[in-house]
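Before any comments, here is the structure.
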Amino acid sequence: MLNNKSVLITGGTGSLGKALTADILKKWPNVKRLVIYSRDEQKQFQMAQEYPVSKYPSMRFFIGDVRDRERLTRAFQGIDYVIHAAAMKHVHIAEYNPDECVKTNVGGAENVIQAALQTGVQNVVALSTDKACAPINLYGATKLTSDKLFVAANNIRGQHNIKFSVVRYGNVMGSNGSVIPFFLNKRSDGILPITVESMTRFNISLQGGVDMVIHAMKSAWGGEIFIPKIPSYKITDVAQAIGPNCEHKVIGIRPGEKIHEEMITASDSFFTYDLGKYFVIIPQTPIWDTNDFISNFKAKLVPDGFAYNSGTNTEWETVESLRTLIKEHVDSDFKV
Numbered sequence: 022m023l024n025n026k027s028v029l030i031t032g033g034t035g036s037l038g039k040a041l042t043a044d045i046l047k048k049w050p051n052v053k054r055l056v057i058y059s060r061d062e063q064k065q066f067q068m069a070q071e072y073p074v075s076k077y078p079s080m081r082f083f084i085g086d087v088r089d090r091e092r093l094t095r096a097f098q099g100i101d102y103v104i105h106a107a108a109m110k111h112v113h114i115a116e117y118n119p120d121e122c123v124k125t126n127v128g129g130a131e132n133v134i135q136a137a138l139q140t141g142v143q144n145v146v147a148l149s150t151d152k153a154c155a156p157i158n159l160y161g162a163t164k165l166t167s168d169k170l171f172v173a174a175n176n177i178r179g180q181h182n183i184k185f186s187v188v189r190y191g192n193v194m195g196s197n198g199s200v201i202p203f204f205l206n207k208r209s210d211g212i213l214p215i216t217v218e219s220m221t222r223f224n225i226s227l228q229g230g231v232d233m234v235i236h237a238m239k240s241a242w243g244g245e246i247f248i249p250k251i252p253s254y255k256i257t258d259v260a261q262a263i264g265p266n267c268e269h270k271v272i273g274i275r276p277g278e279k280i281h282e283e284m285i286t287a288s289d290s291f292f293t294y295d296l297g298k299y300f301v302i303i304p305q306t307p308i309w310d311t312n313d314f315i316s317n318f319k320a321k322l323v324p325d326g327f328a329y330n331s332g333t334n335t336e337w338e339t340v341e342s343l344r345t346l347i348k349e350h351v352d353s354d355f356k357v
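Residue numbers for the sequence shown follow my numbering, beginning at 22 and rising by one.
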């Protein structure tokens, strides 16, 4: 699919961007160009040491901010596929700096759309979050807005041969800023801070996130929001898995946090289909025939009122399964 194609990843120096880079170079060794677009020059410098052009001639590193449409338009020249991973993601930081969050997550999304339309990009996959579903915090609200922009962008493509789609998933295990590496770093203090004992979250591996993006790139017709079927975990089980001998100190919920996360609400159920490995929320005004979509993917409409919530999920990680996953995906030297 990507051999002899040019791919650009915004926010490409982040955890998922690096995992996507490794996966693309492994599966499509003849990719024409793989452009890492981000604003952190130190992370770009470090990543360039891992992927020197002498060994990976398709690699390019492009300093730029998604807030800068002119720079994006320059970077998108000759690009076939865009993976939009850049975002301001920390909930409590967004609550304290709302204007910065809006500029990056909403303005940045609109800039990606317009730059892609102007430069002949064929396929854009935008990364979303469970916090965009029924949001109660600014980060989630900006990502919901971003999702809506990318879905609606298919309606304004005109004669452009381009598709926009979205992938939405829960906490990525081991990603920068997530709870597992945070607990691993804190356990030497003997205290693991827990917000609320009843808190749950969805859990997906980095590879699971990568697979979803590739699936959307291959399969999207335009305007879909793809959602994985993944397990949940209890925050108390994460603490027990990492620091069973630590004090588990309840510190209270932080600004903008939910007790449980959602990825599909009951209101979404009327447009949500089961594809087997994934759910998909189709656009309310699709540019294609829904019956053709159902037939092609053998899609099944979920029951009215169906909701997908980390607290009512039917699949759960255990303390032992979490320990195994941490060793496999986060820290190979992990020991209790």
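Beta carbons: idealized from backbone N, C-alpha and C, even for Gly.
Task: Spatial distance of G35 from V234 (CA atoms) - done: Going by the C-alpha atoms only, they are around 15 Å apart.
Task: Close beta carbons around G85, own chain, < 7 Å, minus the five adjacent residues each side - done: Hits under 7 Å: Y58, R60, R92, L93, A96.
Task: Buried or exposed by the 16-neighbour rule on C-beta atoms within 10 Å, applied to F291 - done: Taking every protein chain shown into account, the CB of F291 has fewer than 16 other CB atoms within 10 angstroms, so this residue is exposed.
Task: Coil, strand or helix - V56 by DSSP - done: In this structure, V56 counts as strand in the three-state DSSP scheme.
Task: CA-to-CA distance, T125 to S226, given in whole angstroms - done: Cα-Cα distance, rounded: 25 Å.
- [ ] Compare the C-alpha of V123 against each of Q70, M109, N197, V133 and name the closest.
- [x] The alpha carbon of V123 has as its nearest neighbour, out of Q70, M109, N197, V133, the alpha carbon of M109.
Task: Segment contact, 8 Å Cβ cut-off, at least three pairs: the region 327-343 with the region 274-293 - done: The region 327-343, when compared against the region 274-293, does touch it at the 8 Å Cβ threshold.
Open item on the list: Give me, in chain order, the residues of the same chain whose beta-carbon lies closer than 7 Å to that of P202; leave out the 5 immediate sequence neighbours on both sides.
Closed with: The beta carbon of P202 sits closer than 7 Å to those of G195, V351, all from its chain and outside the five residues before and after it, given in chain order.
Open item on the list: Can you tell me whether A147 is helix, strand or coil according to DSSP?
Closed with: DSSP places A147 in strand when its eight states are reduced to three.
TODO: In the DSSP assignment, find the alpha helix (DSSP H) that holds M233 and state where it starts and stops.
DONE: According to the DSSP assignment, M233 belongs to the alpha helix (DSSP H) that extends over 227-240.
- [ ] With DSSP collapsed to three states, give me the class of P202.
- [x] DSSP places P202 in helix when its eight states are reduced to three.
Open item on the list: Can you tell me whether P119 is helix, strand or coil according to DSSP?
Closed with: P119: helix per DSSP, three-state reduction.
Open item on the list: Out of R88, L213, I303, which one is the CA nearest neighbour of A136?
Closed with: Of the candidates R88, L213, I303, the one whose C-alpha sits nearest the C-alpha of A136 is R88.
Task: DSSP-derived helix/strand/coil call for V142 - done: In this structure, V142 counts as coil in the three-state DSSP scheme.
Open item on the list: Here's the rule: buried if 16 or more other CB atoms are within 10 angstroms of the residue's CB, otherwise exposed. What is T306?
Closed with: Looking at its Cβ environment, which holds fewer than 16 other Cβ atoms inside 10 Å, T306 is exposed.
TODO: Write down every uninterrupted run of the alpha helix (DSSP H) in the region 242-311 whose length is 4 residues or greater and which is fully enclosed by it, in chain order.
DONE: Listed in chain order, the alpha helix (DSSP H) elements of length 4 or more contained wholly in the region 242-311 are 256-263.
Task: A69 to F82 span [Cα, whole Å] - done: When the Cα atoms are used, A69 and F82 turn out to be separated by approximately 7 Å.
Task: C-alpha gap between Q98 and V142, whole angstroms - done: Their backbone Cα atoms lie some 8 Å apart in a straight line.
Task: For F355, the first and last residue of its enclosing alpha helix (DSSP H) - done: Annotation: F355 is outside any alpha helix (DSSP H) and is labelled neither H nor E by DSSP.
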